[in-house]
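These notes are about the structure you will find just below.
Written out as structure tokens, the structure reads:
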């Protein structure tokens, strides 16, 4: 019988997998060129009960109004708010 305990093996933590950066961010916006593309979808309907229009791919309010006009086939000036 020995007077000393056997030494326990030294603890080595399990290997950690390397962190791989995803080329596409979690929010779906790619900022490589510095410009953000809108991921918004605008639901619109004319006051008299037209079919629901789903508008996307706009980056500012003016483009939104233009796309609404395209959706309902009328001039863009008619889609803009009046003062």
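Residue numbers (the UniProt record's numbering): 1 to 83.
Ideal Cβ placement from N, Cα and C applies to all residues, glycine included.
These numbers come from a predicted model, not from an experiment.
* To do: Check whether the Cβ atoms of residue 44 and residue 53 sit closer than 9 angstroms, and answer yes or no.
  => yes
* Which value, in whole angstroms, describes the spacing of the CA atoms of residue 49 and residue 71? -> 14 angstroms
* **Every unbroken beta strand (DSSP E) within the stretch 34-58, with a cutoff of 3 residues, ordered by chain** => 41-44, 53-56
* Determine the direct distance from the alpha carbon of residue 63 to that of residue 78, and round the result to whole angstroms. => 14 angstroms
* Would you kindly work out how many angstroms separate the C-alpha atoms of residue 65 and residue 13, rounded to a whole number? => 59 angstroms
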